[in-house]
Structure formats: structure tokens, C-alpha cells
Amino acid sequence: MGAQAEKWVLMVTARTPTNIAVIKYWGKRDEKLILPINDSISVTLDPNHLCTTTTVSVSPSFVEDRMWLNGKEISLQGGRFQSCLREIRARANDVEDEKRGIKINKEDWQKLHLHIASYNNFPTAAGLASSAAGLACLVFSLAKLMNLKEDNSQLSAIARQGSGSACRSLYGGFVKWIMGKEENGSDSLAVQLADEKHWDELVIIIAVVSARQKETSSTSGMRDTVETSALIQHRAKEVVPKRIIEMENAIQNRDFASFARLACTDSNQFHAVCLDTYPPIFYMNDTSHRIISCVEKWNRAEETPQVAYTFDAGPNAVMIARDRKTAALLLQRLLYNFPPQPDTDLDRYVIGDKSILKDAG
Ligand code: ADP
Ligand code: DP6
Ligand code: CO
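full-length UniProt numbering applies: residue 1 is where the sequence shown begins, and numbers increase by one.
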């Protein structure tokens, strides 16, 4: 491990954007491996706006694996973190820093301990996909540190075991998570449908309706849905497979009318399925509903839809405007109808683009 074994620390920093699903993942067929009951499609956001930054470090002087999230130590004991760490360590390779006289053989990674510090620059566990950016960034930065040779798709299958939606944050642009057929999950991974340059006139505006932590985590919410909702099977088997094909076509053809119809109806159906869960789950609030009405009214008044909306497991609205001019008008309408005020209806707005994954380390 090198002459100055006790003294060195090796670290890598990476930054990963979040992604917002336009055809939602909701429901698992395998809880441990995190295998979904349907395919999903997302847009990866601009890393300058909503992103996670994670620094992973290794040193012979560390005596246990430790992690800090937003400055506060959290436990790494959960099965999901352990799955990711185990899968990455199993694929680790030799790492050499000649200048500093450090050599780590691949077997050493089994004994060496890690310190991980991660920051989200947006609300955690509030329905803006912090688990997606967070777990993707963890896997990506550890893969760099341990010199993994796997490509992003293979890494996505590891990130998936940390949080399902995380597999889609390994790519920029438009991404599909293929549910896969294998029992061991080897074919349940993300692929890029179109890169970040494709359809770059789209602008994303996020209304942070509430930055508060949600009452029902995505994990437990979708578990309850699968156990109690009669609608979820219809959604997963009949509705989503057709929408996936239509959405892929809409993206390839830059067909905004179809894109908006599919994204809005899929978001609405996801929240309908939450209501069909027993006891019911309410992720949206009154402000979310008023934002939907505002966008729907506008779209109906035009010849063709101008704005698409989608809501994840929280009250925050993600709106996608067809072009920059529309985005400016949308922001104007939002600021007039929903002015941001601390501790009231609306916290703040975030404006971004689709994006690429950037390696900061
Ligand atoms: P969200 O809608 O924000 O994705 P979830 O309920 O899906 O909410 O997941 C929130 C959980 O994800 C957090 O409680 C935490 O365990 C994990 N998480 C969030 N950010 C990070 C991060 N940067 N690194 C590691 N884990 C994270
Ligand atoms: C509504 O990926 O957060 O955002 O796999 O249990 O970690 P776990 O859940 P998570 O669920 C995301 C649900 C969603 C829709 C989506 O991102 O596709
Ligand atoms: Co999540």
C-alpha cells in the first residue's frame, strides 16, 4: 500500500444532477434488488441547478466506513448503501499515484475504509429526486476512486440498488430505465434515448412549493401502493407500456404536443394511484393543484400545448416549456399568480436546462 501507508488520503469529487421522470417509476417487483414493475423515462436536469456533490476518500488511517449528508453524519448500515458498496468493491481495480508513492492493489479495497461527504444543493426528501442525484453521485464517485472499468449503463445497475430513480442520473439528456426480465436484475438498467443536445430549446422551471421533507418516502409509498391499489396493475401492464413507446417517439420527433400530453397524464395517473392506495397518499397540495389548473387553462387557450407539468412524490411542480419565449411567459404568469414568499404557498423557483453529467474530480 506504499511507504507512507498511514499518512495518505486519496479523494475524488463528483457532481451529479437530478432527473425528473416524465413516465414514472412507481412500484417494485423485487424490493431488495430494486426491480421495477414498469419501464420509466426521465429528463436529466442541468447540474448547475439541482445537483449533488459528493467527495469520497480512502485512507489506511480510517477505521470504519462513514458518511455525512449535508454536514450531518448518517448511518451506512442500510441495505441499500451496503449493496452499492459491496457491488463497487467487488469490481475495484488497482490504483496507483506514482508521485505520492501510493499503490492500492485491488484486494486492498476489501479492507480499506471510506469517508463520504455529500451535499445536495436542493431540498432532500422533498419530492425533487434527491435519492436519484445522491445515489448516482455516490456510485459514480466511488467508481472513479476505485478505478472501475464498467460503463455508465453497468454503473446504472449498481446505482439502481441504491435508489431506483438513481440509475437514470448516470446519463444526461433523455433516459430510459428498462425494467428488465432477469430475476437477478442484470438487465434492469438505464440507457440514453437522446443526448443533452437533443431538443435543447426546452426549458425547465421548477416551483419549489414546499422544501419540507415528505411524510411518506417514495420507498414506503410505492410499497403500500403495490400492496393495496387495484389500479396499479392496470397502470403497469396496460397503460405504461404504450406510453413508453409513444414517449420515445415524441422525444425523437420533438413532438411537444404528444410529449406534454403524455407527461401530464402520466403524472396525473401516478397521483391517482397514490390516492387509490390505502391509506391514501397525498403528495400534491392545493398549490400544486392550482398550478396544474393554471397550465391546463393556458394550454387549452392555445392551438397547441405550451407547457408540460409533472410532479414527483411531493408537492413541487416541474414545468417544461416548449421554448425560451414560452418559458419567459410562464415565469411571468407564475410570479404573478404564485409569488414566492417564505413559509407560505411557494418557496422559490429554479430555472434550468437538460444537462450532461460532469465529473468534477
Ligand atoms: P426524494 O424525493 O428526494 O428522492 P426519497 O424519499 O426518494 O426522496 O429519498 C430520500 C432519501 O434519499 C434520503 O432520506 C436519503 O436517505 C437519500 N439521499 C438523499 N440525498 C442523498 C445523498 N446526497 N447521498 C446519499 N443519500 C441521499
Ligand atoms: C415518483 O427512486 O425515490 O420520483 O427506488 O425506493 O429509492 P426507491 O424510490 P425512488 O422513487 C422515485 C419515484 C418517483 C418517480 C420516478 O422518479 O420515476
Ligand atoms: Co427518491
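A virtual CB, placed ideally from N, CA and C, is assigned to each residue, including glycine.
{"Asked": "Assuming ASN121 and GLY134 form a contact by the criterion Cβ under 8 Å, report the distance between their Cβ atoms to the nearest whole angstrom.", "Found": "Going by Cβ atoms, the distance from ASN121 to GLY134 rounds to 11 Å, so no, they are not a contact pair."}
{"Asked": "Keeping to the same chain, check which residues put their C-beta closer than 8 Å to that of GLN349; ignore five residues upstream and five downstream.", "Found": "Before going on, a small fix: residue 349 reads as Tyr here, not Gln. Closer than 8 Å at Cβ, skipping near neighbours: ILE205, ILE206, ALA207, VAL208, LEU331, LEU334, LEU335, PRO340."}
{"Asked": "Going along the chain, which residues of its own chain have a beta-carbon closer than 7 Å to the beta-carbon of SER153, five neighbours each way excluded?", "Found": "LEU189, ALA190, VAL191"}
{"Asked": "Closer than 7 Å: is that where the CB of GLY79 sits relative to any heavy atom of the ligand DP6?", "Found": "no"}
{"Asked": "Taking the C-alpha atoms as reference points, what is the distance between LYS149 and ARG91?", "Found": "8 Å"}
{"Asked": "Could you check the C-alpha separation between LYS28 and MET67 for me, to the nearest Å?", "Found": "27 Å"}
{"Asked": "Determine the burial state of THR16: buried for a count of at least 16 other Cβ atoms within 10 Å of its Cβ, exposed for fewer.", "Found": "buried"}
{"Asked": "How many angstroms separate the CA atom of SER288 from the CA atom of ALA301?", "Found": "20 Å"}
{"Asked": "Which partner residues of PHE174 appear in the DSSP bridge assignment?", "Found": "VAL43, ALA194"}
{"Asked": "Who are MET284's beta bridge partners in DSSP?", "Found": "Its beta-bridge partners do not exist; DSSP assigns none."}
{"Asked": "Evaluate the contact criterion for the segment 248-267 versus the segment 293-308: three or more CB pairs, one atom per stretch, below 8 Å.", "Found": "yes"}
{"Asked": "Taking all protein chains shown into account, do 16 or more other C-beta atoms lie within 10 angstroms of the C-beta of SER61, making it buried, or fewer, making it exposed?", "Found": "exposed"}
{"Asked": "Tell me the residue span of the alpha helix (DSSP H) that contains LEU145.", "Found": "130-145"}
{"Asked": "Expressed to the nearest angstrom, what Euclidean distance is found between the alpha-carbon atoms of THR43 and ILE74?", "Found": "For the record, residue 43 in the displayed sequence is Val; it is not Thr. In a straight line, the C-alpha of VAL43 is about 29 Å away from that of ILE74."}
{"Asked": "Go ahead and label ALA250 buried or exposed: buried means 16 or more other beta carbons lie within 10 angstroms of its beta carbon, across all protein chains shown.", "Found": "buried"}
{"Asked": "Is TRP68 helix, strand or coil when you go by DSSP?", "Found": "strand"}
{"Asked": "Can ASN120 be considered in contact with the ligand GTP, in the sense that its beta carbon sits closer than 7 Å to one or more heavy atoms?", "Found": "By its list of ligands, the structure shown excludes the ligand GTP, since it contains just the ligand ADP, the ligand DP6 and the ligand CO."}
{"Asked": "Taking C-beta to C-beta, are ARG80 and GLY162 nearer than 8 Å?", "Found": "yes"}
{"Asked": "Where do the ends of the beta strand (DSSP E) carrying CYS167 lie?", "Found": "Counting along the chain, CYS167 falls outside any beta strand (DSSP E), and DSSP gives it neither H nor E."}
{"Asked": "What residue from ILE281, VAL22, VAL63 has the CA that sits closest to LEU112's CA?", "Found": "VAL63"}
{"Asked": "According to the neighbour-count rule (16 or more other Cβ atoms, all chains shown, within 10 Å of its Cβ), is HIS271 buried or exposed?", "Found": "buried"}
{"Asked": "Can you have a look at ASP39 and say buried or exposed, based on whether 16 or more other CB atoms are within 10 angstroms of its CB?", "Found": "buried"}
{"Asked": "Collect the residues with a C-beta less than 7 Å away from any heavy atom of the ligand CO and give them in sequence order along the chain.", "Found": "ALA129, SER130, SER131, ALA132, SER163, SER165, SER218, ALA313"}
{"Asked": "Could you spell out the range, first to last residue, of the alpha helix (DSSP H) harbouring LYS325?", "Found": "324-337"}
{"Asked": "Mapping DSSP to helix, strand and coil, what is SER118?", "Found": "strand"}
{"Asked": "Can you tell me where the alpha helix (DSSP H) with ASP266 in it begins and where it stops?", "Found": "256-275"}
{"Asked": "Using only the heavy atoms of the ligand ADP, determine whether one of them is closer than 7 Å to the beta carbon of GLY127.", "Found": "yes"}
{"Asked": "Would you call ALA230 buried or exposed, if buried means 16 or more other Cβ atoms sit within 10 Å of its Cβ?", "Found": "exposed"}
{"Asked": "Does DSSP classify ILE351 as helix, strand or coil?", "Found": "strand"}
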